[in-house]
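Numbering-wise (the UniProt record's numbering), the sequence shown opens with residue 1 and increments by one. Note that CB positions come from ideal geometry on N, CA and C, so glycine has one too. This report refers to the structure that appears directly beneath it.
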Amino acid sequence: MKRIAYVSTYPPRRCGIATFTEHLLESVSAAGKRRDVDPVIVLYNESDDDSVYRNNPKFWPLAAQDRAAYTRMAERVNLSDVSVVVLQHEFGIFGGEAGEYILDFVRALKKPLVTTFHTIFADPQPPYRRIQQEIADASDAIVVMNRQAISYLTRAFNLPESKIFYIPHGSPKPLSEERDRLRRRLGFEGRKVMFTFGLLNRGKGIESVISALPGVVREVPETLYVIAGQTHPEVKKREGEAYREELQEMIRRLGLEENVRMIDRYFSEEELIAYLTACDLYVTPYPGMQQITSGTLAYAVGVGRPVLSTPYEHARDLLRGCEELLLPYGDTEAWERQLRRLLADDAALRQWEERIRKIGETTHWPRVGEQHLQLFAKLCSETDGDEKAKERLEGEVNPVASVSR
1 MKRIAYVSTY PPRRCGIATF TEHLLESVSA AGKRRDVDPV IVLYNESDDD
51 SVYRNNPKFW PLAAQDRAAY TRMAERVNLS DVSVVVLQHE FGIFGGEAGE
101 YILDFVRALK KPLVTTFHTI FADPQPPYRR IQQEIADASD AIVVMNRQAI
151 SYLTRAFNLP ESKIFYIPHG SPKPLSEERD RLRRRLGFEG RKVMFTFGLL
201 NRGKGIESVI SALPGVVREV PETLYVIAGQ THPEVKKREG EAYREELQEM
251 IRRLGLEENV RMIDRYFSEE ELIAYLTACD LYVTPYPGMQ QITSGTLAYA
301 VGVGRPVLST PYEHARDLLR GCEELLLPYG DTEAWERQLR RLLADDAALR
351 QWEERIRKIG ETTHWPRVGE QHLQLFAKLC SETDGDEKAK ERLEGEVNPV
401 ASVSR
């Protein structure tokens, strides 16, 4: 296998898909001890500073809103020594309605294609159905980060199960820094710390946890709920900081000023991992049960922190066997009861920490990178990958690869 081309956003853009791709590329390179520079076909918008991409040969910049550029980029890939193309698909990062411009790239591409779907619907509706169907049909392999997604894709798009591969969302390892010292550094000493991270919006369900806190604080007065992250930029355009202000007013009304800390700024990944490592309990009280992937949940489990969550799709899949940690959205009594039980019982927290750590070990980036590398090798080995690419360039073979699960 020669070079691997990744199609995605990429740092310094602040985007979950960008960070995911950076770690995927690095972990695949490390797993294969790869010396070749694998290119990133990096999506950018007019508002982005694309100079960092244009001044580095590692990047092949692709203007997201320039439809003609997608076909040109596919032709560039076809003429290159790239053996396999890895597409990170999220509807919002490509141009056109529901990101339909990426179809022009897929149609013109004549190299093996592996697609990771970051959003998958149980019952996809227009315009998403048409776009995802065409990408799925054109892909030689599809990667999902939730086992439930396999049945969703096979039913919705009539795909063979053998084409779909489950590989968990990658996660970091716990920090080597001693946890007690880390807690002192972050001001958590003597507190029972709950943590929620992410771009702030009404889909986070944070108000449901705050409403349960008064009863928790009466029994565990050292409780501290840390809510970290900036307001989602699209939310800020529509309504400014209205949601943050509503949460702050709720905190004041319930007398929780000493028990809730809202941090309104961008967190680097290193800082996020530090906060995750230092907290006692990570909470994701999302109201939307269809969320197929949550990067922050994957990170929390990866560093071995106990989690309390609503039973959305990714939580149900990743926390199999830990159903006690899944609570209904909006059930204030259930959340209060479980929060009190966990935060007041150090032994219970340690037991859950051990169980979650074992799950998290299966998701660390080195292992995830090795799994991806094995999949890529199935599609294009040193012996047959180049020949297959030549045949496809000549249009002599069906684009569906014969790979096994």
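request  = Select from Ile41, Ala30 and Ile4 the residue whose C-alpha is nearest the C-alpha of Ala18.
outcome  = The option with the nearest alpha carbon to Ala18 is Ile41.
Exercise for review: Could you tell me which uninterrupted beta strand (DSSP E) segments, each at least 3 residues in length, are contained entirely in the stretch 196 to 258, listed from first to last along the chain?
Suggested key: 223 to 228
Leaving out the 5 sequence neighbours to the left and right, which residues in its chain are closer than 8 Å to Glu22 when beta-carbon positions are compared? Tyr10 and Pro11
On the CB-based measure, 16 or more other CB atoms within 10 Å of its CB, does Ser176 come out buried or exposed?
exposed
State buried or exposed for Asn158, treating a residue as buried only when at least 16 other CB atoms are found within 10 Å of its CB.
-> exposed
Open item on the list: Are the CB atoms of Val85 and Ile4 within a distance shorter than 9 Å?
Closed with: yes
Count the other CB atoms, across all protein chains shown, that sit within 10 Å of the CB of Pro61; report buried if there are 16 or more and exposed otherwise.
-> buried
(message) To test your reading of the DSSP string, which unbroken beta strand (DSSP E) runs of 3 or more residues are found completely within the stretch 248 to 335?
(response) 260 to 263, 281 to 284 and 307 to 309
| query | Within 10 angstroms of its Cβ, does Gly255 collect 16 or more other Cβ (buried), or is it exposed? | reply | It counts as exposed.
(message) Would Met194 and Thr154 be called neighbours here (beta carbons separated by less than 9 Å)?
(response) It is not a contact, given that the beta carbons lie outside the stated cut-off.
What is the DSSP secondary structure of Ile164, counted as helix, strand or coil?
strand
Which one of Cys15, Val144, Val303 and Pro172 has the shortest CA to CA distance from Tyr266?
Cys15
Helix, strand or coil for Val37 per DSSP?
Coil.
Confirm, please, whether the CB-CB distance from Gly369 to Ser27 is below 9 Å. yes
Subject >> Environment of Arg238 [buried if 16+ CB atoms lie within 10 Å] >> reply: exposed
Q) Rounded to a whole number of angstroms, what is the C-alpha to C-alpha distance between Pro287 and Asp123? A) Straight-line Cα distance between these residues: approximately 18 Å.
Query raised in the report: Quick one: Cα of Tyr70 to Cα of Glu241, how far?
Result: 36 Å
> Can you tell me whether DSSP reads Ser47 as helix, strand or coil?
Replying inline: coil
Checklist entry - Any idea what DSSP makes of Ser27, helix, strand or coil? => result Helix.
Suppose contacts are defined by Cβ-Cβ distances below 9 Å. Is Thr115 in contact with Leu87 by that definition?
Taking 9 Å as the Cβ cut-off, Thr115 and Leu87 qualify as a contacting pair.
Self-check item: When Gln248, Thr277 and Leu379 are compared against Glu178, the one with the closest alpha-carbon
Solution: Thr277
**Study point:** Whole-number beta carbon distance between Leu379 and Leu339, since they are thought to touch under 8 Å
**Key:** Actually they do not touch by this definition, with Cβ atoms about 46 Å apart.
message = Among Leu375, Gly360 and Pro57, whose alpha-carbon lies nearest the alpha-carbon of Lys173?
response = Shortest Cα-Cα distance from Lys173 to any of Leu375, Gly360 and Pro57 involves Gly360.
Can you check whether the CB of Ala149 is closer than 9 Å to the CB of residue 418? In the structure as shown, the chain starts at 1 and stops at 405, and residue 418 therefore has no counterpart that could be examined.
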